[in-house]
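With mature numbering (1 follows the signal peptide of the UniProt record, and there is no 0) applied, the sequence shown covers -20 to -1, 1 to 381.
We treat Cβ as the ideally placed atom computed from N, Cα and C, and that holds for glycine.
Model, not experiment: these values are computed from the prediction.
Notes to accompany the following structure.
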Amino acid sequence: MRVPRSAAVWMACCMALALAGCGADKVEASGTTDENGACVLTIGTLGPLAGPAADFGLSMKGTADLAAAEVNQQGGLRVGERTCHVRVSAYDTGYTSAGAANGAGEFIGQGIRFVIGPMGATEVTGMKPLAGRNDMLLVANGFGRDALQPQYPLVFHVAPGPSVWAAPIIAEARKHFSFNKVTIVATSDQSGSDIADVNEIRFTQAGLPVSRESYQRGTQDFAPIVSRILGHDPDLVDLASTPAADAGTMVKQLRQAGYTGTFCRLGGESTAEIARVAGGNDVLGNFFYYSMVDLSDPRMQHLSAEYEQIAGRPATSLTLGWLPAARALLRAISAAGTTTDTQAVAARLRQDPLEDPDLGRGVWTGQQEFGVDQEMSFPFYMGYIRDGQPQPLVRLEATQP
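Below you can see the structure in the form of C-alpha cells.
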C-alpha cells in the first residue's frame, strides 16, 4: 500500500514529540475493542451535513476522515502499549444548538470522548455544557464571542475567527479595491450576530462607516433584505458568516437589482459554493475573502488527491485547512497514552508546537479575545476575484492579534 507523504511526515512529528518526552508518562491506555479484541479509537464529528450550511459540516467530517486515514495507513495510532485503529462517527446537527446538544448526548452514549466540531456559535453554545459535564474534549470552530471560555478547559478552536484575521485582510484588501462604506449582513442568531459584531469592530477600527442588516435563518425570500441593503448605499457588502447558499442568492439578487460594488466574506470561506449559487465568478465581480489554504499549492493538491481517493469527493479549503487541528488532536492522544483521560490529552494538546508539515508553523491564540490561548492559528490567505477573474492568493502570517 502506498504510504502518503503527509502520513509519513505525521509519524515523524509523533516520533519527535515522543523523543522530546511528550509520551514519557505511563497513563492508562484503553479504548473500545472490535470483535477481534483490537483497539478502536472513535473520533466524533458534529456539523450540518445537509442544507445551506452543509459545506461546513461535510468539511469538518472530511477533516477527521483524512487525519484518521493518515494514521491508519501507517498501521494505526500508538496509544501507550496498544495501537488503535481510528474511526470517525459523524452526526448531523442541522446547524442548531439543539442539534449539537443532541449530538453530544449521542456521542456520550457511544462512549466517544473526542470530538472535532461542532460548527457555528449556536452549536458550540449548545454543546459546551454537556461536554463539560461529561469530560468531552471538543476541537470546535464556532466564531462566537464566547466560543472559548476559561471555565471550559476541554474546548479548543480548530482555527481562529475573524478577531485574528479580519483586520489583516481588510488592510490587504484596501490595496486592491476601493471601498469607503460597508454594510454587513448576517443571520439574526448568535452564529451570525457574534461574527458580525467582530467584523464591525474591525471595519470601524479601519476608519470605515458600517451599517448592519440581519435576516432569519431559513429565509426563502431574500427580496426584502436585498432592498434594505441597497437602501444603505454601500460600496462593500460583507456577507460575514452567512451560509453559502444564502450568500450566493443575495449576491445574485443584488447584482440583478443594480448593485455594482464589491462583496467580501469575513466569516469563513465557501467561495466556490457562493459563486455556484450566484451564477459564477462573473456575477461575483469584485470579491475578497478569507481562505485557510491555497488550493493551488502543490502540497494542497497532493492532500486533495489523497482525500478524494479516501472519500470519493473533492476536498475543500476547509477540509485541508482544519486538518492540522485533527492531526494535533491525534498526536496529543498518542502522547498522553490514553483514549479515555481527556484532561491528560488536553494537557498534551496545549503543549503541541503546531508544526504542521503542510500548512507550516502555527501559534496558539485566543488570550486577547477569550482569556485563554486554546485556538490554533496557522498562516492564512486573502483570496480575491477582480472583475470576475480569480487572482493569486495573498499569504498572511499567523500572529497574535
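Integer-rounded CB distance, given that residue j should sit under 8 Å from residue i
i	j	result
residue 383	Y71	Only positions -20 to 381 of the chain appear in the structure, and residue 383 is not among them; the question remains open.
F123	A101	6 Å
Y195	S271	Not quite, the Cβ-Cβ distance comes to about 25 Å (not below 8 Å), so this is no contact.
A44	I96	5 Å
L300	S284	7 Å
Residue i: CB within 8 Å of a non-hydrogen atom of the ligand FMN
i	result
T199	As far as ligands go, the structure on display features none, and thus does not contain the ligand FMN.
Whether residue i touches residue j by CB criterion (9 Å)
i	j	result
V162	F183	yes
D84	G106	According to the sequence as given, residue 84 is Ala; it is not Asp. Cβ atoms of A84 and G106: closer than 9 Å.
T13	V68	no
P140	V352	no
P32	A224	yes
F358	A327	no
L128	V138	no
V104	L118	yes
G42	A295	yes
Y364	L373	yes
G257	T240	Looking at the sequence shown, residue 257 is not Gly but Val. No, Cβ-Cβ distance for V257 and T240 is not below 9 Å.
V206	A227	no
L219	C244	yes
N179	L110	no
L334	V273	no
A49	E286	yes
DSSP-derived helix/strand/coil call for residue i
i	result
T163	strand
H212	coil
A258	helix
residue 387	Lying outside -20 to 381, the shown extent of the chain, residue 387 is not represented and no answer is given.
I205	helix
A92	It should be noted that the sequence gives Ile, not Ala, for residue 92. I92: coil per DSSP, three-state reduction.
P372	coil
G301	helix
N266	coil
V273	coil
V104	helix
N179	helix
A327	helix
Y287	helix
D226	helix
H65	strand
L21	strand
V190	strand
Nearest residue (CA-CA) to residue i, options the options
i	options	result
R62	D174, V20, Q90	V20
R197	D218, V178, Q170, L216	Q170
S221	G265, F243, I175, A258	I175
T242	E253, G248, L210	L210
S77	S143, G91, K108, V66	K108
S143	T320, D126, F94, L329	D126
L264	D367, L216, P214	D367
A18	I149, N266, H65	H65
A306	Q131, D321, L329	L329
A153	T199, N266, H282	N266
G292	G37, G317, L46	L46
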